[in-house]
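Residue numbers (this note's numbering), protein chains in the order written: chain A, 1 to 291; chain B, 292 to 477.
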Amino acid sequence: MREFLKSARFKVILAFLAFLVGMMIYAVTKGGYSVSGASLINTVTKPFRTVTNGIADKLETETDKLKNADEYYRENQELRAQISELNKQLADYEELAAEVEELRKFVVIKEEHPDFQYTEPAKVIGYTANDPFKSFTIDKGEENGIVPYLPVATAEGLVGIVVEVSKNTSTVRTILSPDLSIAAVCRDTNADHGIIEGTVLTAERNCTKLIHLSTDNQLKPGYVMATSGNSGLFPRDYPIGTVKSIGFETNGLSACAEIEPCVDIGRLSSVVVITDFTGKKEAEDADQDLP
Amino acid sequence: MRIKTSREKRISYIRSGIRWTLYYLLILLGFCIMTAGSWLKPVILVPIALAIAVDNNILGSVFTGGFCGVLIDIACGRLFGFNAVILAVLCVCFSLVYQLWLRSRMLNFIWTAALASYIQCRLDYEFYYRIWGYADVENIFVHTTLRVWAYTVISAVFVWLVIRLINRFFMQKDHVTVREAIRAGA
């Protein structure tokens, strides 16, 4: 033992230990940064460690798989059931969100026109086949308080009028149709009056036409036309569409304008039927007034 | 005509039942096609009713024609019965014409269906647009009526093939051709 303590080997070991302790103290003073030697080693050995680590991981995973196959299978089944349940909840949520969004749009109508009474949103269940004027059927009818000649609208603007009602469905004639005439006034000038009535040509472009317009009108493209409410069939000051272009009738006695509806009539998904509003005319009188 | 055994009769009834069920399923499918979307579509129920009338008895053809017509009225928003009357009459004509003069061949069916479909489209145009004197009403004829008619004629080809397929498997043959008789004898 004494020999060993006196030997050069022991001194070398001591020196080495001292070096290590010194290095340790040095490392402590570096404050979180690795010592350059360690850094070098790390850099050099990194690829090898990555490979070996990968192999070890794989081996561990495989072993783990074999060892815990039953547990994983059970866990997998549970997770699948959970995913299925969550998917169902997500679908319900999305449906609900769409419904809320839809209802929110219609709440705007109520805020802007507190005198309105309207049905809950009605889904468009189908467009009339091959109809150039885009009339359509909705999923609400007599049972929901709908009667013929009630105005149909969305939050954006007027769509048309109910022309046929059955127990659970109603047919809507749109503002593109030449069979529907609506007294309109310009919201921007508040002076230019006319009649909005569809034509064959404008319907092809998903537009309608403003006729019987004074030749000295002040309309400009982009101005909004709204219902004047004179007939009692439609509520007052409800947007119909914007002026697209202005021209003269062939007889030269009056002007006319092409109106682009506020609503894309060909792509409706839901609408509301306005059942009551200030200045509404009774159904029998309205029947006589229809074009 | 050969006398049928009771078993043959029973089989004949079953085949006939399946055949008519398939016809009506096809009619239902045609109605669904007609009511889907807002684009222009063929009035596919016209060729379906006519194709059924070609190889079936007059009574069945008339009822089917009337039923298809009612469905067209619903899909196209027409006066209830307007197309039913037109199609019932056309089906009677088809049934008679194919019993007396024409052979049930695809070409014959295409041109007769084109003619019948034109009559239906034209009457629809006359009564629902032209009679009301809308300005530029000819545009509807050119851009809607004629296009719908063309689509209907094209769809008639497919309808004919489907009806023939159904008839091939489920229609009892009352007559055999000379070639079939020779083959059966051999």
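Cβ coordinates follow ideal geometry from the N, Cα and C atoms, glycine included.
Own chain residues within Cβ distance below 8 angstroms of residue i, not counting five before or after
i: A:Thr169; result: Ile125, Thr137, Ile138, Asp139, Lys140 and Gly141
i: B:Ile335; result: Gly321, Ile324, Met325, Thr443, Ser446 and Val450
i: A:Ala81; result: none
i: B:Ile309; result: Phe461
i: B:Ile377; result: Gly360, Ile410, Gln411 and Leu414
i: A:Gly364; result: With chain A covering only 1 through 291, there is no way to say anything about residue 364 of chain A.
i: A:Gly22; result: none
i: B:Tyr419; result: Arg369
i: A:Phe116; result: Ile109, Lys110, Pro235, Ile274, Asp276 and Phe277
i: A:Val172; result: Ser135, Phe136, Thr137, Ile138, Val152, Val159, Gly160, Ile161, Val162, Val163 and Val271
i: B:Gly351; result: Trp311 and Ile343
Three-state secondary structure assigned by DSSP to residue i
i: A:Phe136; result: strand
i: A:Ala129; result: coil
i: A:Gln82; result: helix
i: B:Lys300; result: helix
i: A:Thr43; result: helix
i: A:Pro291; result: For A:Pro291, the predicted model reports a pLDDT of 48, less than 50, meaning its position is unreliable and no value from the coordinates is stated.
i: B:Met325; result: helix
i: A:Ala226; result: strand
i: A:Lys123; result: strand
i: A:Tyr118; result: strand
i: A:Asn76; result: helix
i: A:Asp57; result: helix
i: A:Asn251; result: coil
i: A:Ser231; result: coil
i: B:His434; result: helix
i: B:Tyr425; result: coil
i: A:Gly266; result: helix
i: B:Gly308; result: helix
i: A:Lys281; result: coil
i: A:Arg236; result: coil
Cutoff 6 angstroms; reference residue i; Cβ partners in own chain excluding five residues on either side
i: B:Leu362; result: Phe322 and Leu336
i: B:Tyr416; result: Phe432 and Thr436
i: B:Arg438; result: Leu331
i: A:Thr128; result: Ser135
i: B:Pro333; result: Tyr442, Thr443 and Ser446
i: A:Thr250; result: none
i: A:Thr52; result: none
i: B:Ala404; result: Pro338, Leu341 and Ala447
Residue span of the beta strand (DSSP E) that contains residue i, given as start and end
i: A:Cys256; result: Ala255 to Pro261
i: A:Ser245; result: Pro239 to Phe248
i: A:Ser270; result: Ser270 to Asp276
Residue span of the alpha helix (DSSP H) that contains residue i, given as start and end
i: B:Thr403; result: Met397 to Tyr419
i: A:Ala27; result: Ala8 to Thr29
i: B:Phe449; result: Leu437 to Phe461
i: B:Ile335; result: First-last for B:Ile335: undefined, no H or E at that position.
Same chain only: Cβ atoms within 7 angstroms of residue i, ignoring 5 sequence neighbours per side
i: A:Ser270; result: Glu102, Pro121, Ala122, Lys123 and Val124
i: B:Leu317; result: Ile339 and Val453
i: B:Ser395; result: Val345, Asp346 and Tyr389
i: A:Phe10; result: Phe4
i: A:Asn144; result: Thr119
i: A:His212; result: Gly194, Ile195 and Ser254
Supposed contact pair residue j and residue i - C-beta distance, whole angstroms, cut 8 angstroms
i: B:Tyr314; j: B:Ile343; result: 5 angstroms
i: A:Pro114; j: A:Pro235; result: Not quite, the Cβ-Cβ distance comes to about 12 angstroms (not below 8 angstroms), so this is no contact.
i: A:Ala257; j: A:Leu210; result: 4 angstroms
i: B:Leu341; j: B:Phe385; result: 5 angstroms
i: A:Ile196; j: A:Ile240; result: 6 angstroms
i: B:Ala379; j: B:Val353; result: 5 angstroms
i: A:Ala155; j: A:Val108; result: 5 angstroms
i: A:Ala98; j: A:Tyr238; result: Their Cβ separation, rounded to whole angstroms, is 25 angstroms, which puts A:Ala98 and A:Tyr238 out of contact at 8 angstroms.
beta-carbon residue i near the ligand FMN non-hydrogen atom, thresh 8 angstroms
i: B:Arg394; result: Among the ligands in the structure shown, none appear at all, so the ligand FMN cannot be discussed.
Proximal residues of chain E, C-beta to C-beta of residue i below 7 angstroms
i: A:Ala129; result: The structure shown contains no chain E; its protein chains are A and B.
List in chain order: all unbroken beta strand (DSSP E) runs of 3+ residues lying wholly within the stretch 145-223 of chain A. The qualifying runs are 151-153, 158-165, 170-174, 181-186, 193-197 and 208-213.
Runs of alpha helix (DSSP H) wholly within the stretch 338-404 of chain B (minimum 4 residues, chain order): The alpha helix (DSSP H) runs lying completely inside the stretch 338-404 of chain B and spanning 4 residues or more are 349-367 and 373-391, given in chain order.
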